[in-house]
Ligand SMILES: C[S@@+](CC[C@H](N)C(=O)[O-])C[C@H]1O[C@@H](n2cnc3c(N)ncnc32)[C@H](O)[C@@H]1O
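Residue numbers (the working numbering): 2 to 338.
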């Protein structure tokens, strides 16, 4: 086992950490948490499994194999770097990310230069295309030095934003949030994941890209057709997308391994004029019905009251309050059956 560091994005107070822990669990990796703060998660685990995990993540920047950590002090980090022998072949670069609240006079580039000098004896520096990347993370409590195992391809999520897809509707959430929700469901490759309010397919695209078998339903024909077009545009051709009401999912899909969905809220037109106070309870019941025992439903809900009502059907595991904008808050709620 080795010390592994997840450099978390801090784009949300709790989701990046919850997503990283969920990916470790979903992939059945043996791990033990050593330390955690908003900008990092340090675990004991096996390096071999981590490239696969990084390929699922959306709210982490890098996954590194830790060389050492030190108190937040430049002399201390340099002295530890001088004492610690490292093995790598080829060229290297030192990259520093500064996540301290109070930055002080020390700049990331100073840390990169000073550590670069220490590590020069192990290999040649290449800033453009190094064979190895030595990563430094500065936080208020501890500083970390590690070797990059994997980098999360954050730009790929930007390329899948709603307006970049062939079928567009503003109802769709950001792909990074959709991916994080899929990861919270603990779905594994080849397992069946259902989005019963699939809309334009934002959640199903993310689930399909990590290898889940994707199933979707929506009450609007336009959405069902548009969802299929969007899935195909990302090379996802193996899916079952059906024009249906949420109440019909048990008959149409049978049991599923995970449910991830963004509930309709606000506009009555989107629900064929059904009141949310009638739609929500029957949706919660239908979702609990199709989910396999012991498996998870990850639901984006518009209120604490909705979270409470759903807790009558399934056991609440965790909730992440997510402010989309000033007048729209979603409660990303994880339930287990
Ligand atoms: C918030 S949107 C989902 C957005 C989706 N995640 C996306 O990426 O586009 C909710 C969807 O629920 C659908 N819907 C509303 N009432 C429904 C019902 N009774 N059964 C199934 N779908 C319904 C709407 O047509 C809408 O597409």
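In this text, a Cβ means the ideal position worked out from N, Cα and C, and glycines have one as well.
Secondary structure of residue i, DSSP reduced to three states
{"i": "residue 199", "result": "coil"}
{"i": "residue 114", "result": "helix"}
{"i": "residue 266", "result": "coil"}
{"i": "residue 247", "result": "helix"}
{"i": "residue 1", "result": "For residue 1 there is no data in the structure shown, the boundaries of the chain being 2 and 338."}
{"i": "residue 301", "result": "strand"}
{"i": "residue 258", "result": "strand"}
{"i": "residue 336", "result": "strand"}
{"i": "residue 193", "result": "strand"}
{"i": "residue 146", "result": "strand"}
Reference residue i; option with closest CA among the options
{"i": "residue 36", "options": "28, 67, 12 and 58", "result": "67"}
{"i": "residue 245", "options": "218, 193 and 267", "result": "218"}
{"i": "residue 153", "options": "64, 82, 72 and 30", "result": "64"}
{"i": "residue 339", "options": "274, 291, 14 and 59", "result": "Outside the shown range of the chain (2 to 338) lies residue 339, about which nothing can therefore be said."}
{"i": "residue 240", "options": "252, 14, 290 and 194", "result": "194"}
{"i": "residue 163", "options": "275, 232, 222 and 142", "result": "232"}
{"i": "residue 150", "options": "283, 186 and 61", "result": "61"}
{"i": "residue 46", "options": "101, 170, 34 and 279", "result": "34"}
{"i": "residue 272", "options": "23, 85, 50 and 172", "result": "172"}
Exposed unless 16 or more other CB atoms sit within 10 angstroms - verdict on residue i
{"i": "residue 8", "result": "buried"}
{"i": "residue 321", "result": "buried"}
{"i": "residue 20", "result": "buried"}
{"i": "residue 325", "result": "exposed"}
{"i": "residue 229", "result": "buried"}
{"i": "residue 306", "result": "exposed"}
{"i": "residue 341", "result": "Only positions 2 to 338 of the chain appear in the structure, and residue 341 is not among them; the question remains open."}
{"i": "residue 209", "result": "buried"}
{"i": "residue 126", "result": "exposed"}
{"i": "residue 128", "result": "exposed"}
{"i": "residue 329", "result": "exposed"}
{"i": "residue 200", "result": "buried"}
{"i": "residue 236", "result": "exposed"}
{"i": "residue 174", "result": "buried"}
Nearest-angstrom beta carbon gap, residue j and residue i [assumed within contact, 8 Å]
{"i": "residue 176", "j": "residue 203", "result": "6 Å"}
{"i": "residue 57", "j": "residue 211", "result": "5 Å"}
{"i": "residue 11", "j": "residue 17", "result": "7 Å"}
{"i": "residue 147", "j": "residue 136", "result": "5 Å"}
{"i": "residue 133", "j": "residue 89", "result": "4 Å"}
CA-to-CA distance, residue j to residue i, given in whole angstroms
{"i": "residue 91", "j": "residue 117", "result": "14 Å"}
{"i": "residue 131", "j": "residue 48", "result": "20 Å"}
{"i": "residue 264", "j": "residue 75", "result": "49 Å"}
{"i": "residue 115", "j": "residue 55", "result": "29 Å"}
{"i": "residue 333", "j": "residue 190", "result": "22 Å"}
{"i": "residue 266", "j": "residue 87", "result": "54 Å"}
{"i": "residue 257", "j": "residue 242", "result": "14 Å"}
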